[in-house]
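Engineer: First, the structure itself, so that you have it in front of you.
2 protein chains.
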Amino acid sequence: MEKFEVNILGCGSALPTTRHFPTSQVVNVRDKLFMIDCGEGAQLQFRKARLKFSRLNQIFISHLHGDHCFGLLGLISTFDLLGRTAELHIHSPEGLEERLVPMLNYFCRGMGYRVLFHPFDTREVAQIYEDRSLTVTTLPLRHRIPCCGFLFAEKQRPNHIIREQIDFYGVPMHELNRIKNGADYATPDGRLIPNSLLTRPAASPRRYAYCSDTVYMPELAPLIAGVDLLFHEATFAHSELSRARETFHTTARQAAELAAAARVRRLLIGHFSARYEDESVLLAEACQLFPDTLLAHETLCVSVG
Amino acid sequence: MEKFEVNILGCGSALPTTRHFPTSQVVNVRDKLFMIDCGEGAQLQFRKARLKFSRLNQIFISHLHGDHCFGLLGLISTFDLLGRTAELHIHSPEGLEERLVPMLNYFCRGMGYRVLFHPFDTREVAQIYEDRSLTVTTLPLRHRIPCCGFLFAEKQRPNHIIREQIDFYGVPMHELNRIKNGADYATPDGRLIPNSLLTRPAASPRRYAYCSDTVYMPELAPLIAGVDLLFHEATFAHSELSRARETFHTTARQAAELAAAARVRRLLIGHFSARYEDESVLLAEACQLFPDTLLAHETLCVSVG
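Protein chains in written order, with numbering that gives the first Met the number 0: chain V, 0 to 304; chain P, 0 to 304.
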């Protein structure tokens with residue numbers, strides 16, 4: 000199976016602790032790297048995770064709170080020191096470019112590559128990135144400031160050719176692409192060989208949903224229904240429900256409720272409040288409702304699907 | 000002896016490695032904390048060193064390269080989240096306020112405390128801070144942009160009273176402060192008791208000098224002569240002398256030469272280039288010329304004097 004992994008660089012919330020870095024993740028899709036959020040220290044954790052800077056071209060920022068974007072300056076500077084020439088694309092809510100560009104102009108004068116900013120509207124579900132194998136779509140969240148989650152969806156891949164059958168029916172090379180994409184094969188003497196005899200279906204496309212920071216939103220369920228992996232914030236235990244509501248965060252139990260309602264395959268919780276010395280209380284709470292729950296921690300690498 | 004310690008939060012240079020954080024130190028003088036430089040992740044390392052945020056009121060930035068100041072935004076935000084009300088003073092070369100304030104206005108709207116900026120002239124030796132027990136003085140350095148080191152000097156403390164002698168000569172309470180500060184004591188019957196009979200001298204004031212980033216400057220020696228601890232950058236080994244000169248950095252051997260010429264008590268080297276997987280080569284090189292050399296590493300705490 001081709002690589003589709005989530006690397007946790009940081010899973011703490013705004014206040015620093017000795018246990019966690021602020022939020023940052025790297026999604027690795029067939030060795031193309033996509034960063035989600037970039038809290039302070041993200042570049043240091045990136046090195047620790049032994050990921051390659053040169054593979055990172057797209058960064059997605061959920062919202063403009065410092066603990067989700069203060070690592071950008073250091074990362075962008077480092078890329079320049081390393082002689083990067085490839086463009087870097089940053090997708091975020093409105094407002095980042097105006098703040099970051101004056102800093103870059105001062106601290107990275109004469110930068111050798113371009114940073115391109117792509118603001119998105121946090122109120123709508125919209126595809127904001129596409130390549131040959133992947134799309135990224137915004138998931139509107141409700142936080143104290145405009146905020147979006149992201150849905151990473153693999154595209155359906157072509158069917159796999161069954162080599163023996165191709166040989167048996169004498170299918171010429173130039174027909175193979177059409178057949179991979181589902182066409183039947185007409186032999187020179189007029190017979191129609193159905194595609195199902197010539198190919199095996201590719202694995203179904205996998206999906207990863209990232210939802211942080213947000214108050215509990217049951218209405219997210221249809222948007223993330225059946226994803227292979229859901230990262231959801233679980234800043235607090237349910238005993239802190241009122242604090243969670245006030246600060247527009249979610250409890251571990253609520254994250255599990257959403258995972259169950261959306262029938263996701265696995266739930267990964269993170270964005271832990273600094274008050275929890277030991278987050279196993281959050282894990283236990285989520286597992287009661289949704290047993291396939293994992294606790295995020297720095298340098299964890301989880302396979303999607 | 001009262002506390003005068005240097006805590007290393009980060010001792011790498013600009014490129015991140017898995018071994019080092021960028022530059023930051025905390026000087027602890029009798030539990031008042033002074034930060035020197037504030038690279039990315041400084042607030043995380045501060046927590047790891049188990050230092051108290053509330054004790055930090057003064058930050059000194061040597062120069063405006065990102066690896067020496069990109070941690071400020073996160074640190075300042077965190078102080079606000081923690082409900083700080085005390086003013087925070089930042090001493091740095093010209094230009095920091097203009098860059099930082101727009102970011103703070105956006106990311107820390109309605110901050111509960113004031114950040115006061117105190118730009119200093121990097122071309123002159125000047126006292127930029129003073130309290131009851133300490134002065135901080137700039138040490139002009141030569142780097143690619145305006146840059147200063149800092150000399151932290153304890154003030155001479157009053158002599159220690161010899162309790163038995165005070166009792167023996169029947170010295171009244173109200174005379175004690177004068178005597179601590181060196182006065183002799185005139186008895187009611189006209190005898191003069193010399194101060195040396197009544198007090199022991201306090202320990203001599205200790206001094207810490209911080210010199211980073213800079214090309215080798217032998218002319219620094221008189222400014223830092225005899226300090227108890229000299230932190231000096233040693234970005235490269237001497238085999239990379241031409242690279243050191245080009246980038247306005249120092250080699251380990253040059254740092255040791257300066258330490259020897261200035262007859263300092265101990266030398267602490269840091270700001271290591273990312274190319275050194277194992278910095279013992281730098282330590283060995285420095286020790287050849289100046290045996291009392293220490294290698295900086297994260298969470299190291301060195302006593303001054």
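Using N, Cα and C, we set each Cβ at its ideal position, and we do this for glycine too. Since the structure is predicted, the reported quantities are computational estimates derived from the model, not experimental observations.
In the structure shown, what three-state DSSP assignment does H31 of chain P receive?
Structural biologist: His is not the amino acid found at residue 31 of chain P; the sequence shown has Lys there. Three-state DSSP puts K31 of chain P in a strand.
Engineer: Give the DSSP bridge partners of Y207 of chain V, in chain order.
Structural biologist: Paired residues: V:F151 and V:L228.
Engineer: Strictly below 7 angstroms CB to CB, what residues from chain P border Q42 of chain V?
Structural biologist: The contacting residues are P15.
Engineer: Do the CB positions of K2 of chain V and D30 of chain V come within less than 8 angstroms of each other?
Structural biologist: In contact: K2 of chain V and D30 of chain V (Cβ atoms closer than 8 angstroms).
Engineer: For a contact meaning CB atoms closer than 7 angstroms, what does K47 of chain P contact in chain V?
Structural biologist: Residues of chain V passing the Cβ test: T17.
Engineer: Spatial neighbours of R122 of chain P within its chain, please: CB distance less than 7 angstroms, with the 5 preceding and 5 following residues excluded, ordered by chain position.
Structural biologist: Cβ within range, chain order: P139.
Engineer: Look at the alpha carbon of K154 of chain V and the alpha carbon of H237 of chain V, and state the distance between them as a whole number of angstroms.
Structural biologist: Going by the C-alpha atoms only, they are around 37 angstroms apart.
Engineer: Report the three-state DSSP secondary structure of L175 of chain V (helix, strand or coil).
Structural biologist: Helix at L175 of chain V.
Engineer: Kindly indicate which three-state DSSP category I192 of chain V falls into: helix, strand or coil?
Structural biologist: If DSSP states are grouped into helix, strand and coil, I192 of chain V belongs with the strands.
Engineer: Taking the alpha helix (DSSP H) that T77 of chain P belongs to, which residues open and close that run?
Structural biologist: Start and end: L71 to L80.
Engineer: Mapping DSSP to helix, strand and coil, what is D130 of chain V?
Structural biologist: Three-state result, D130 of chain V: coil.
Engineer: For the structure I just gave you, are there three or more beta carbon pairs, one from the stretch 167-174 of chain P and one from the stretch 112-129 of chain P, closer than 8 angstroms?
Structural biologist: Contact fails: fewer than three Cβ-Cβ distances are below 8 angstroms.
Engineer: Quick one: list the residues of chain P neighbouring R98 of chain V, beta-carbon separation under 9 angstroms, in chain order.
Structural biologist: Going along chain P in sequence order, the residues near R98 of chain V (Cβ under 9 angstroms) are P101, M102, Y105 and F106.
Engineer: Between the stretch 180-192 of chain V and the stretch 217-233 of chain V, do three or more beta carbon pairs fall short of 8 angstroms?
Structural biologist: As far as the Cβ criterion goes, the stretch 180-192 of chain V does not touch the stretch 217-233 of chain V, which means the pair count is below three.
Engineer: Can you tell which of P:E4, P:L74, P:S53 and P:V5 has the C-alpha that lies nearest to the C-alpha of G38 of chain P?
Structural biologist: The residue with the shortest Cα to Cα distance from G38 of chain P is P:L74.
Engineer: If the cut-off is 8 angstroms on Cβ atoms, which residues from the stretch 68-84 of chain V count as contacting chain P, listed in chain order?
Structural biologist: Cβ contacts with chain P: F69, G70, L72, G73, S76, T77, L80 and L81.
Engineer: Report the three-state DSSP secondary structure of R141 of chain P (helix, strand or coil).
Structural biologist: It is coil, neither helix nor strand.
Engineer: Pairing CB atoms from the stretch 53-65 of chain P with CB atoms from the stretch 82-94 of chain P, are three or more of them under 8 angstroms?
Structural biologist: Yes, they touch.
Engineer: Determine the closest residue to R242 of chain V out of V:T213, V:L257 and V:E218, with distance taken between C-alpha atoms.
Structural biologist: Comparing Cα-Cα distances from R242 of chain V to each of V:T213, V:L257 and V:E218, the minimum goes to V:T213.
Engineer: Could you check how far apart the C-beta atoms of V263 of chain P and L133 of chain P are, in whole angstroms? I think they sit under 8 angstroms.
Structural biologist: Not really, about 19 angstroms apart at Cβ, beyond 8 angstroms.
Engineer: Taking the alpha-carbon of I161 of chain V as reference, which of V:G148, V:L175 and V:L150 has the nearest alpha-carbon?
Structural biologist: Of the candidates V:G148, V:L175 and V:L150, the one whose C-alpha sits nearest the C-alpha of I161 of chain V is V:L175.
Engineer: Give every residue of the same chain whose Cβ lies closer than 7 angstroms to the Cβ of D66 of chain P, excluding the five residues on either side of it in the sequence, and list them in chain order.
Structural biologist: Same-chain partners within the cutoff: S12, A13, P21, T22 and G38.
Engineer: Looking at chain P, is there any beta carbon in it that lies within less than 8 angstroms of the beta carbon of G65 of chain V?
Structural biologist: G65 of chain V counts as touching chain P.
Engineer: Chain V partners of F20 of chain P, CB-CB under 9 angstroms?
Structural biologist: In chain order: G40 and L43.
Engineer: Between the Cα of S211 of chain P and those of P:P221, P:T136 and P:H142, spot the shortest distance and give me the residue it belongs to.
Structural biologist: Of P:P221, P:T136 and P:H142, the residue nearest in Cα terms is P:H142.
Engineer: Rank P:L288, P:L267 and P:D277 by C-alpha distance to the C-alpha of V301 of chain P and give the top, closest one.
Structural biologist: Closest by alpha carbon: P:L267.
Engineer: Counting along the chain, where does the beta strand (DSSP E) carrying P342 of chain P start and finish?
Structural biologist: Since the first residue of chain P shown is 0 and the last is 304, residue 342 of chain P is not available in this structure.
Engineer: Relative to the C-alpha of L8 of chain V, which residue among V:H64, V:Q24 and V:A201 is closest?
Structural biologist: Nearest C-alpha to L8 of chain V: V:Q24.
Engineer: To which residues of the same chain is K47 of chain P closer than 7 angstroms at the C-beta, ignoring the five residues directly before and after it?
Structural biologist: So the list reads T298, once near-sequence residues are dropped.
Engineer: DSSP on L299 of chain P, reduced to helix/strand/coil?
Structural biologist: It is coil, neither helix nor strand.
Engineer: Comparing the C-beta of T17 of chain P with each C-beta of chain C, is any distance below 8 angstroms?
Structural biologist: The question asks about chain C, but that chain is absent: this structure's protein chains are V and P.
Engineer: Roughly how many angstroms lie between the CA atoms of P118 of chain V and G94 of chain V, to the nearest whole one?
Structural biologist: Looking at the two C-alpha atoms, the distance is approximately 8 angstroms.
Engineer: At which residue ranges does the stretch 260-290 of chain P contain complete beta strand (DSSP E) runs of 3 or more residues, listed in the order of the chain?
Structural biologist: As far as the stretch 260-290 of chain P is concerned, its whole beta strand (DSSP E) runs of at least 3 residues are 265-269.
Engineer: In three-state DSSP terms, what is C68 of chain P?
Structural biologist: Three-state result, C68 of chain P: helix.
Engineer: In the DSSP assignment, what are the bridge partners of I223 of chain P?
Structural biologist: Note: I223 of chain P sits in no beta bridge, so no partner.
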